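S.K.: Sharing a structure below in structure tokens format, with a few things to ask.
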Amino acid sequence: MRQVAFRRYGEPTVLEVVQAPDPAPGPGQVRVRVEAAGVNFADLMARMGLYTGTPPLPAVMGWEVAGTVDALGEGVDADWLEAPVIAVPHFGGYATHVGVDLVQVAQRPADLPAVEAAAVPVHGLAAWMMLEVMGRVRAGDRVLVHSAGGGVGLICLDLLKWRGAWAAGTASAHKHAFLRERGYDRLVDYRTEDFAEALASEPGFDLILDPIGGASWKRDLALLRGGGRLVCYGYSDAVARKKRSWRALAHTMRTVPWLQFSPFSLMLHNRGVMGIEMEHLWEEKERVRGWLEEVIARWEEGVLRPVIHATVPLEQAAEAHRMLHDHENLGKVVLVTG
Numbered sequence: 000m001r002q003v004a005f006r007r008y009g010e011p012t013v014l015e016v017v018q019a020p021d022p023a024p025g026p027g028q029v030r031v032r033v034e035a036a037g038v039n040f041a042d043l044m045a046r047m048g049l050y051t052g053t054p055p056l057p058a059v060m061g062w063e064v065a066g067t068v069d070a071l072g073e074g075v076d077a078d079w080l081e082a083p084v085i086a087v088p089h090f091g092g093y094a095t096h097v098g099v100d101l102v103q104v105a106q107r108p109a110d111l112p113a114v115e116a117a118a119v120p121v122h123g124l125a126a127w128m129m130l131e132v133m134g135r136v137r138a139g140d141r142v143l144v145h146s147a148g149g150g151v152g153l154i155c156l157d158l159l160k161w162r163g164a165w166a167a168g169t170a171s172a173h174k175h176a177f178l179r180e181r182g183y184d185r186l187v188d189y190r191t192e193d194f195a196e197a198l199a200s201e202p203g204f205d206l207i208l209d210p211i212g213g214a215s216w217k218r219d220l221a222l223l224r225g226g227g228r229l230v231c232y233g234y235s236d237a238v239a240r241k242k243r244s245w246r247a248l249a250h251t252m253r254t255v256p257w258l259q260f261s262p263f264s265l266m267l268h269n270r271g272v273m274g275i276e277m278e279h280l281w282e283e284k285e286r287v288r289g290w291l292e293e294v295i296a297r298w299e300e301g302v303l304r305p306v307i308h309a310t311v312p313l314e315q316a317a318e319a320h321r322m323l324h325d326h327e328n329l330g331k332v333v334l335v336t337g
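All the letters of the sequence shown, read from the start, carry residue numbers 0 to 337 under numbering that gives the first Met the number 0.
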């Protein structure tokens, strides 16, 4: 099989295509012939050496794939052979084949194309965790979504509209027309405006979703109303460059509002701070599988409408990473093996 791996940390150019033996599924596992694999910000952080869960080098990234089961391990029902599936491997998805535990696999609806299916798992699970499991969004809630034009931001919007919430977003100006048509009620150009100043005259927010980190979290807190919650799900501010910078990471950590995150401050202001990191939930495979099935059900109901920014050949994974680094994408970037 072909894989995209990196032998050292660095810029996107460290990614290379290598040949490896096809994985043999063990007991309770299946092998998936990958047609499409999603690209996520965590992949960039891992390539830069900034992700705590990165496997030993040489490493193969990839948390979500769509394809077809082409081999079964001991104990797996024969009905799974040649079944179209969505899978969430714990790394290894940047490949033509990947082996996964059956519990990490869900049936892919026959009318859900592989490219679109590969855009669903990680971003869909993150959005479900933030809005349904932790955020508990309901009709009439006011929600601010940072990076509104990314894959997570767009799936979050779909779920917010499904719940009847009011949604504001931050994004580059050239994305606003599309996002407004898509359903965002208020948009701020984070490149030319301070979002906290721009939204200060608005009523407070019930929920804010922020993958930026550092000083952005501090400004978020000022926008929460009583009972409001902030969900932290990344620190992209630390990876603005394409290679690891300890100075950038130190700056981000220095600007985190540690005192405002203390239990005493949270109590005094009647607000909550939560965090998600899907990589640290893979051990709860049954729960993750249940949430993935909920996300797929929302697609079948027409609630979720994944936006594909680009499909990129597996051999050009470096270009896919560049798109995310440069915040060029409007929606999901997907690697394809064919």
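Don't be surprised by glycine CBs; every beta carbon is placed ideally from N, CA and C. Every value quoted in this text rests on a predicted model; they were computed, and no experiment measured them.
Please classify S200 as buried or exposed, where buried requires at least 16 other C-beta atoms within 10 Å of its C-beta.
M.R.: exposed
S.K.: Helix, strand or coil: how does DSSP classify W298 here?
M.R.: helix
S.K.: On the DSSP bridge assignment, give the partners of I85 in chain order.
M.R.: A65, A105
S.K.: Starting from the C-beta of V332, find all residues in its chain whose C-beta is less than 6 Å away, skip the five residues before and the five after it, and write them out in chain order.
M.R.: V38, H308, A309, A319, M322
S.K.: Contact defined as beta carbons within less than 8 Å: I believe A65 pairs with A113. What is the distance between those atoms, to the nearest angstrom?
M.R.: 4 Å
S.K.: Taking V230 and I295 to be in contact with their CB atoms under 8 Å, please state how far apart those CB atoms are, rounded to whole angstroms.
M.R.: Not confirmed; about 22 Å, so no contact.
S.K.: Whole angstroms is fine: what's the gap from A36's alpha carbon to W62's?
M.R.: Between A36 and W62, the C-alpha separation is close to 8 Å.
S.K.: With I338 as the anchor, note down where its beta strand (DSSP E) starts and where it stops.
M.R.: With the chain running from 0 to 337 in the structure shown, residue 338 is simply not present.
S.K.: Taking the continuous beta strand (DSSP E) assigned at M273, which residues delimit it?
M.R.: 271-274
S.K.: Could you tell me if R141 is buried or exposed, where buried requires 16 or more neighbouring beta carbons within 10 angstroms of its beta carbon?
M.R.: R141 is buried by the Cβ-count criterion.
S.K.: Verify whether the separation of the beta carbon atoms of E73 and T336 is less than 8 Å.
M.R.: Taking 8 Å as the Cβ cut-off, E73 and T336 do not qualify as a contacting pair.
S.K.: Mind checking whether L220 and R1 have CB atoms under 8 Å apart?
M.R.: no
S.K.: How about A125 and M277: do their beta carbons lie closer than 8 Å?
M.R.: yes
S.K.: Would S261 be called buried (16 or more neighbouring beta carbons within 10 Å of its own) or exposed?
M.R.: exposed
S.K.: Please state the DSSP three-state secondary structure of R224.
M.R.: In the three-state reduction of the DSSP assignment, R224 falls in the strand class, which pools E and B.
S.K.: Output needed for G182: all residues of its chain with C-beta closer than 6 Å, excluding positions within five of it in sequence on either side, in chain order.
M.R.: L156, K160.
S.K.: By DSSP, does I207 sit in helix, in strand, or in coil?
M.R.: Secondary structure at I207: strand, using DSSP grouped into helix, strand and coil.
S.K.: Mark R30 as exposed unless 16 or more other C-beta atoms lie within 10 angstroms of its C-beta, in which case mark it buried.
M.R.: buried
S.K.: Tell me whether M266 is buried or exposed, calling it buried when 16 or more other Cβ atoms sit within 10 Å of its Cβ.
M.R.: exposed
S.K.: Here's the rule: buried if 16 or more other CB atoms are within 10 angstroms of the residue's CB, otherwise exposed. What is G148?
M.R.: Under this definition G148 is a buried residue.
S.K.: Look at the Cβ atom of L206, then the Cβ atom of V136, and state whether they are nearer than 8 Å.
M.R.: yes
S.K.: Given 8 Å as the limit, is there contact between the region 296-306 and the region 164-175, that is, 3 or more CB pairs closer than that?
M.R.: no
S.K.: Can you give me the Cβ contacts of S171 inside the same chain, cut-off strictly under 8 Å, excluding the 5 residues immediately before and after it?
M.R.: G148, D188, Y189, R190, H326
S.K.: Could you tell me the boundaries of the beta strand (DSSP E) in which H326 lies?
M.R.: Where H326 is concerned, there is no enclosing beta strand (DSSP E), given that its DSSP letter is neither H nor E.
S.K.: Alpha carbons only, please: which of L49, A45, S215 is nearest the one belonging to R253?
M.R.: S215
S.K.: So K160 is in the alpha helix (DSSP H); what residue range does that whole segment cover?
M.R.: 150-162
S.K.: What residues match up with A100 in a beta bridge as DSSP calls it?
M.R.: A small fix is needed here, since residue 100 is Asp in this sequence, not Ala. Partner(s): Q28.
S.K.: Please report the distance separating the alpha-carbon of A94 from that of D78.
M.R.: 24 Å
S.K.: Output needed for L111: all residues of its chain with C-beta closer than 7 Å, excluding positions within five of it in sequence on either side, in chain order.
M.R.: Cβ within range, chain order: W298.
S.K.: My assumption, with CB atoms under 8 Å, is that A86 sits in contact with V104. Please give the rounded CB distance.
M.R.: 5 Å
S.K.: Where P55 and E15 are concerned, what is the direct C-alpha to C-alpha distance, given to the nearest angstrom?
M.R.: 16 Å
S.K.: Where does A339 sit, in a helix, a strand or coil, going by DSSP?
M.R.: Within the shown structure, residues of the chain are numbered from 0 to 337, placing residue 339 beyond reach of any answer.
S.K.: Between G9, G227, G98, which has its C-alpha nearest D21's C-alpha?
M.R.: G98
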